[in-house]
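Student:
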Amino acid sequence: LIVVGQIGLGKSTLINTIFASHLIDSKGRLDTNEIICQKTEIQVAGHVVVENNVKLRLNIVDTPGYGDMVNNDGCWEPIIKYIKDQHSSYLRKELTAMRDRFIQDTRIHCCLYFIAPTGHGLRPIDIIVMKKLSEVVNVVPVIAKSDGLTLKEREAFKVRIQDKLHYHSIRLYPFNKEDHNSEEIQLKIQLNEAIRTKLSE
């Protein structure tokens, strides 16, 4: 899992909340004497999450420095390179004649892309980066700190984002319904109903 977004958008908080564990430390606001990252860095943290006797080996990749500069030209390149490198490395190990019985999977399966809650829509950098990311990984857009918006503002913001994504032909996860078979569609309907029921309790 890789998280991409500017500093202060609640990436660490969301990850820790999703997995109900303290997996990554919040960078929060920087002190005045702290050095700001001059380029996008890749920080990998490996964890084993256990729930109901099921072990999940999880690598969380943080991207400090992404989008935090005045000139963010090419700030996404280390992220794309890292994702591609992990896929290539896994493929090389898989194709080796004398491969290991257990190949550690360091591929990135999902990217949570955090969108600043401006209420105005996507910035040009968001469009460029999501388009590039969607070519190499499943991208899930997240409106950061959306609890600071009213329900009406949140809905309008979501519609503006969806319009921009559609206009720029950015294909994000979950994909269109035609990609799913009838069992997957039925499962998705049941899941949505379960979530709605849980939220209304």
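Heads up, the sequence shown is in my numbering, so the first residue is 1269 and it goes up one at a time. Quick reminder that beta carbons are idealized off the backbone N, C-alpha and C, glycines included.
Given residue 1400, which residues of its chain have a CB within under 7 Å of its CB, disregarding the five upstream and five downstream residues?
Tutor: Here residue 1400 refers to the residue found at position 132 when the sequence shown is read from its first residue. The answer, listed in chain order, is 1344 and 1348.
Student: If we count Cβ pairs, one from each stretch, closer than 8 Å, do we get three or more for the region 1422 to 1437 versus the region 1384 to 1396?
Tutor: Touching, yes.
Student: Examine the ligand FAD and report whether any of its heavy atoms sits within less than 6 Å of the Cβ of residue 1418.
Tutor: As presented, the structure is devoid of all ligands, the ligand FAD included, so that no description of it is given.
Student: Under the three-state reduction of DSSP, which class applies to residue 1341: helix, strand or coil?
Tutor: Taking the sequence shown and counting its residues from 1, the one referred to as residue 1341 is at position 73. Residue state, collapsed to three classes: coil.
Student: Output the distance between the C-alpha atoms of residue 1359 and residue 1396, rounded to the nearest integer angstrom.
Tutor: Working through the sequence shown from its first residue, we reach residue 1359 at position 91. Working through the sequence shown from its first residue, we reach residue 1396 at position 128. Computed Cα separation, rounded: 27 Å.
Student: Skipping 5 residues on each side, what residues in its chain have a beta carbon closer than 7 Å to that of residue 1362?
Tutor: Within the sequence shown, the letter at position 94 stands for residue 1362. Result list for residue 1362: 1371, in chain order.
Student: Measuring alpha carbon to alpha carbon, tell me which of 1309, 1403, 1376 and 1402 ends up nearest residue 1326.
Tutor: Position 58 of the sequence shown, counted from the first residue, corresponds to residue 1326. The residue with the shortest Cα to Cα distance from residue 1326 is 1376.
Student: With DSSP run on the structure shown, which of helix, strand or coil describes residue 1279?
Tutor: As a first step, residue 1279 must be located in the sequence shown, where it is residue number 11. Helix, per DSSP.
Student: Out of 1289, 1350, 1431 and 1423, point me to the one whose CA is closest to residue 1404's CA.
Tutor: Mapped onto the sequence shown, residue 1404 falls at position 136. The residue with the shortest Cα to Cα distance from residue 1404 is 1350.
Student: At the level of alpha carbons, what is the spacing between residue 1282 and residue 1365?
Tutor: Translated into the one-based positions of the sequence shown, residue 1282 becomes position 14. Translated into the one-based positions of the sequence shown, residue 1365 becomes position 97. Each residue's Cα considered, the two are about 41 Å apart.
Student: Tell me whether residue 1382 sits in a helix, a strand or coil according to DSSP, three-state version.
Tutor: Here residue 1382 refers to the residue found at position 114 when the sequence shown is read from its first residue. Three-state DSSP puts residue 1382 in a strand.
Student: So, using beta-carbon positions, are residue 1292 and residue 1328 closer together than 7 Å?
Tutor: By one-based count along the sequence shown, residue 1292 stands at place 24. By one-based count along the sequence shown, residue 1328 stands at place 60. Closer than 7 Å, so yes.
Student: Do residue 1381 and residue 1406 have their C-beta atoms closer together than 7 Å?
Tutor: Within the sequence shown, the letter at position 113 stands for residue 1381. Within the sequence shown, the letter at position 138 stands for residue 1406. Their beta carbons are not under 7 Å apart, which means residue 1381 does not touch residue 1406 by this criterion.
Student: Along the alpha helix (DSSP H) that carries residue 1413, what are the first and last residues, could you check?
Tutor: Here residue 1413 refers to the residue found at position 145 of the sequence shown. Note, residue 1413: premise wrong, no alpha helix (DSSP H); not H, not E.
Student: Using CA atoms only, rank isn't needed, just tell me which of 1431, 1271 and 1322 is closest to residue 1309.
Tutor: The count along the sequence shown starts at 1 and reaches residue 1309 at position 41. Comparing Cα positions, the closest option is 1271.
Student: Can you have a look at residue 1277 and say buried or exposed, based on whether 16 or more other CB atoms are within 10 angstroms of its CB?
Tutor: In the sequence shown, counting from the first residue as 1, residue 1277 sits at position 9. Buried, since its Cβ has 16 or more Cβ neighbours within 10 Å.
Student: Using C-beta distances below 8 Å, list every residue in its chain close to residue 1467, excluding the 5 sequence neighbours before and after it, in chain order.
Tutor: Translated into positions along the sequence shown, residue 1467 becomes position 199. Any answer about residue 1467 is weak, because its pLDDT of 44 lies below 50 and its placement is not dependable; what the coordinates show is given next. For residue 1467, where only same-chain residues beyond five positions count, there are no Cβ hits under 8 Å.
Student: How is residue 1430 classed by DSSP in three states: helix, strand or coil?
Tutor: As a first step, residue 1430 must be located in the sequence shown, where it is residue number 162. Looking at residue 1430 - three-state DSSP - the assignment turns out to be helix.
Student: What do you get for residue 1330, buried or exposed, if any count of 16 or more other CB atoms within 10 angstroms of its CB means buried?
Tutor: If you number the sequence shown from 1, residue 1330 lands on position 62. Looking at its Cβ environment, which holds 16 or more other Cβ atoms inside 10 Å, residue 1330 is buried.
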